[in-house]
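Protein chains: 2
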Amino acid sequence: MSGHLAIVGLGPGDERYLTREAEEALQAADALFGYGPYLDRVPERPGQARHPSDNREEDARAKAALLHAADGGSAAIVSGGDPGVFAMAASVCEAIEAGPHAWRALDIAIVPGITAMLAVAARAGAPLGHDFCVLSLSDNLKPWALIEQRLDAAAGAGLVIALYNPVSRARPSQLGKAFAILARRLDGTTPVIFGRAIGRSDESLVVTTLADASGVAADMASLVIVGSRETRVIARPGSSPLVYTPRAVESVSA
Amino acid sequence: MSGHLAIVGLGPGDERYLTREAEEALQAADALFGYGPYLDRVPERPGQARHPSDNREEDARAKAALLHAADGGSAAIVSGGDPGVFAMAASVCEAIEAGPHAWRALDIAIVPGITAMLAVAARAGAPLGHDFCVLSLSDNLKPWALIEQRLDAAAGAGLVIALYNPVSRARPSQLGKAFAILARRLDGTTPVIFGRAIGRSDESLVVTTLADASGVAADMASLVIVGSRETRVIARPGSSPLVYTPRAVESVSA
Numbered sequence: 041m042s043g044h045l046a047i048v049g050l051g052p053g054d055e056r057y058l059t060r061e062a063e064e065a066l067q068a069a070d071a072l073f074g075y076g077p078y079l080d081r082v083p084e085r086p087g088q089a090r091h092p093s094d095n096r097e098e099d100a101r102a103k104a105a106l107l108h109a110a111d112g113g114s115a116a117i118v119s120g121g122d123p124g125v126f127a128m129a130a131s132v133c134e135a136i137e138a139g140p141h142a143w144r145a146l147d148i149a150i151v152p153g154i155t156a157m158l159a160v161a162a163r164a165g166a167p168l169g170h171d172f173c174v175l176s177l178s179d180n181l182k183p184w185a186l187i188e189q190r191l192d193a194a195a196g197a198g199l200v201i202a203l204y205n206p207v208s209r210a211r212p213s214q215l216g217k218a219f220a221i222l223a224r225r226l227d228g229t230t231p232v233i234f235g236r237a238i239g240r241s242d243e244s245l246v247v248t249t250l251a252d253a254s255g256v257a258a259d260m261a262s263l264v265i266v267g268s269r270e271t272r273v274i275a276r277p278g279s280s281p282l283v284y285t286p287r288a289v290e291s292v293s294a
Numbered sequence: 041m042s043g044h045l046a047i048v049g050l051g052p053g054d055e056r057y058l059t060r061e062a063e064e065a066l067q068a069a070d071a072l073f074g075y076g077p078y079l080d081r082v083p084e085r086p087g088q089a090r091h092p093s094d095n096r097e098e099d100a101r102a103k104a105a106l107l108h109a110a111d112g113g114s115a116a117i118v119s120g121g122d123p124g125v126f127a128m129a130a131s132v133c134e135a136i137e138a139g140p141h142a143w144r145a146l147d148i149a150i151v152p153g154i155t156a157m158l159a160v161a162a163r164a165g166a167p168l169g170h171d172f173c174v175l176s177l178s179d180n181l182k183p184w185a186l187i188e189q190r191l192d193a194a195a196g197a198g199l200v201i202a203l204y205n206p207v208s209r210a211r212p213s214q215l216g217k218a219f220a221i222l223a224r225r226l227d228g229t230t231p232v233i234f235g236r237a238i239g240r241s242d243e244s245l246v247v248t249t250l251a252d253a254s255g256v257a258a259d260m261a262s263l264v265i266v267g268s269r270e271t272r273v274i275a276r277p278g279s280s281p282l283v284y285t286p287r288a289v290e291s292v293s294a
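Just so you know, the protein sequences line up as chains W and H, in that order.
The numbering of the first sequence is our numbering, which starts it at 41 and goes up by one.
The numbering of the second sequence is our numbering, which starts it at 41 and goes up by one.
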């Protein structure tokens with residue numbers, strides 16, 4: 041089969057986060073597929089078709105792009121952040137495994153991007169400077185009890201925790217529940233970072249503590265980082281504090 | 041203080057992984073600091089000083105760059121991958137906290153980059169498509185017993201595991217020990233990915249199983265991803281398999 045499919049990470053909102061490889065992959069496609077607001081971030085090009093779809097239509101989007109490639113086209117699916125982290129790359133792999141055998145012969149390229157936790161961490165300091173764990177708080181595709189188990193295991197193991205999909209309209213209270221579970225293992229003074237729309241004009245970054253975290257507003261576009269017992273905060277005159285997790289851990293009990 | 045320090049992620053080896061923000065930050069500096077091989081990846085510019093240092097001189101490098109900024113200069117520290125993941129951003133934060141109080145008034149910018157696990161995952165498929173954990177296997181700065189605890193906790197919690205610093209000349213056998221610990225929790229058929237020098241001419245990607253993983257050669261520049269019980273492999277005619285972790289998990293016992 042001669043068709044081609046690229047799954048391209050756009051990074052967070054700002055086009056300055058685009059890599060050259062991503063720019064080239066977007067230019068090479070004859071049809072773009074993606075969640076509407078992500079597609080809107082890609083400049084229109086003559087002769088390049090655009091197929092926007094809704095947030096929850098990942099399966100249909102993956103199939104449409106694979107069909108385009110199977111017809112000999114050059115498709116690109118755009119993904120916010122990195123396509124491999126709670127994004128379209130897994131959807132496409134699922135569609136390939138479930139689809140016609142011929143799809144396995146397609147030329148598939150996954151183009152990495154700056155995922156939200158890296159952008160938020162960079163704005164805050166270096167909270168992911170030591171061992172960490174990355175969890176989606178959405179229970180659309182896994183049981184909430186499993187999320188509770190993983191939160192407890194991660195905090196118990198001394199890992200910093202990055203939380204994707206912390207809140208949605210259908211799940212307004214789960215982030216608060218997650219903080220309560222973590223509070224069994226971690227002091228109330230543990231640093232917590234809320235990042236949103238990093239790189240865009242409406243960017244926000246809030247540094248607070250686990251004790252106060254449930255009072256901070258968050259939404260689907262937020263990314264939350266909960267520190268470990270080792271994570272430290274350096275106050276700075278006239279600017280936001282630096283939050284970082286040191287490279288060294290002295291004792292096993294930590 | 042008028043000085044400026046940028047800590048810039050170069051991504052993996054290929055310059056196509058550079059973001060525009062990183063290119064701009066490198067252009068704006070009047071002095072570059074970094075591990076020699078990373079500095080070698082940045083084109084020389086007239087009037088821009090270059091201060092290469094050795095791999096293990098992170099503390100001295102951070103201080104030298106901070107001193108340059110405190111003198112009113114515009115310093116940039118280059119970092120492979122992302123500066124926030126087992127790299128220079130934490131070193132700089134440590135130096136600021138331990139250093140003169142005036143350093144807290146410096147303008148510090150951390151510029152994220154494509155960290156190795158994202159590049160390796162993209163080449164392999166979507167192994168990080170579900171919850172995962174990121175560990176450094178180096179016991180230079182933490183006890184080996186803590187690493188063992190975290191490996192066990194992560195595998196027990198059903199997390200995919202990305203391993204940075206899997207091997208060094210001083211630690212030739214720890215990766216094999218890590219696989220043995222994981223084998224207590226995971227089947228021998230669990231997919232394991234070894235990525236090295238992704239984006240460079242000597243790039244390599246090996247997909248194997250936990251049972252066979254200890255026989256694969258790795259070094260300091262390798263990044264290893266160990267799947268979870270959910271991770272799947274799609275064989276493809278004429279090209280390497282797609283390895284991915286589905287978005288959905290059905291049961292809590294997983």
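Even for Gly, the Cβ is constructed at its ideal location relative to N, Cα and C.
- For alanine 110 (chain H), no CB of chain W lies under 8 Å from its own CB, so it is not counted at the interface with that chain.
- Around the CB of glutamine 214 (chain H), 16 or more other CB atoms lie within 10 Å, so the residue is classed as buried.
- Under DSSP, alanine 71 (chain W) takes part in a beta bridge, and its partners are W:Ala89 and W:Ala115.
- Partner residues in the beta bridge of cysteine 173 (chain H), as assigned by DSSP, are W:Cys173 and H:Ile201.
- Asparagine 205 (chain H) is positioned such that its CB atom lies closer than 8 Å to that of methionine 260 (chain H).
- Listed in chain order, the positions of the stretch 181-213 of chain H with a beta carbon within less than 8 Å of a beta carbon of chain W are Leu181, Lys182, Pro183, Ala185, Leu186, Gln189, Arg190, Ala193, Ala194, Gly196, Ala197, Gly198 and Leu199.
- Secondary structure at alanine 159 (chain W): helix, using DSSP grouped into helix, strand and coil.
- Put simply, the backbone Cα of arginine 240 (chain H) is about 27 Å away from that of histidine 170 (chain H).
- When DSSP states are grouped into helix, strand and coil, phenylalanine 234 (chain H) belongs to the strand group.
- Sequence-distant Cβ neighbours of histidine 108 (chain W) in its own chain, meaning closer than 6 Å and more than five residues away, are Ala71 and Ala115.
- For proline 277 (chain H), the C-beta contacts it makes with chain W under 8 Å involve Arg144 and Ala145, in order along the chain.
- Membership of serine 279 (chain W) in the beta strand (DSSP E) is indicated by the continuous run 279-284.
- By the CB criterion at 8 Å, aspartate 122 (chain W) and glycine 153 (chain W) fall inside the cutoff.
- In the DSSP assignment, serine 262 (chain H) forms a beta bridge with H:Arg236.
- DSSP places valine 132 (chain W) in the uninterrupted alpha helix (DSSP H) bounded by 128-138.
- Judged by DSSP secondary structure, histidine 108 (chain H) falls within the alpha helix (DSSP H) whose first and last residues are 98-110.
- Taking a Cβ-Cβ cut-off of 8 Å, the neighbours of phenylalanine 172 (chain W) in chain H comprise Cys173 and Val174, given in sequence order.
- In the structure shown, the three-state DSSP call for aspartate 80 (chain W) is coil.
- At a Cβ-Cβ threshold of 8 Å, arginine 225 (chain H) and serine 262 (chain H) do not count as neighbours.
- Non-local C-beta neighbours of valine 273 (chain W) in its own chain, meaning closer than 6 Å and more than five positions away in sequence, comprise Pro231, Pro281 and Val283, ordered along the chain.
- For isoleucine 148 (chain H), the uninterrupted beta strand (DSSP E) segment begins and ends at 147-151.
- Glutamate 61 (chain H) belongs to the set of residues whose beta carbon lies under 8 Å from a beta carbon in chain W.
- Sequence-distant Cβ neighbours of proline 92 (chain W) in its own chain, meaning closer than 6 Å and more than five residues away, are Gly76 and Leu79.
- Take the alpha-carbon of alanine 104 (chain H) and the one of alanine 135 (chain H): they are about 10 Å apart.
- Looking from the CA of alanine 142 (chain H), the closest CA among W:Thr285, W:Trp143, W:Ile221 and W:Pro277 belongs to W:Pro277.
- Contact check for threonine 249 (chain W) and threonine 271 (chain W): beta-carbon distance about 11 Å, past the 8 Å limit, so the pair fails to qualify.
- Within 10 angstroms of the beta-carbon of proline 140 (chain H) lie fewer than 16 other beta-carbons, which makes it exposed.
- Secondary structure at glycine 196 (chain H): helix, using DSSP grouped into helix, strand and coil.
- Of H:Ala258, H:Gly196 and H:Leu191, the smallest CA-CA separation from arginine 209 (chain H) is found for H:Ala258.
- Residues of chain W with a Cβ closer than 7 Å to the Cβ of proline 152 (chain H) are, in chain order, Ile154, Leu158, Ala159 and Ala162.
- Cβ contact annotation for aspartate 111 (chain H) (same chain, cutoff 7 Å, sequence separation greater than five): Gly43, in chain order.
- Assignment of serine 213 (chain H) by DSSP, reduced to helix, strand and coil, places it in the coil class.
- In this structure the stretch 43-61 of chain H lies against the stretch 57-64 of chain W, because at least three pairs of beta carbons, one per stretch, are closer than 8 Å.
- The beta carbons of alanine 129 (chain W) and glycine 165 (chain H) sit closer together than 8 Å.
- Between the stretch 189-199 of chain H and the stretch 191-201 of chain W there are three or more inter-stretch CB-CB distances shorter than 8 Å, so the stretches are counted as touching.
- For the options H:Arg144, H:Val132, H:Gln67 and H:Cys173, the alpha carbon positioned closest to that of isoleucine 201 (chain H) is the one of H:Cys173.
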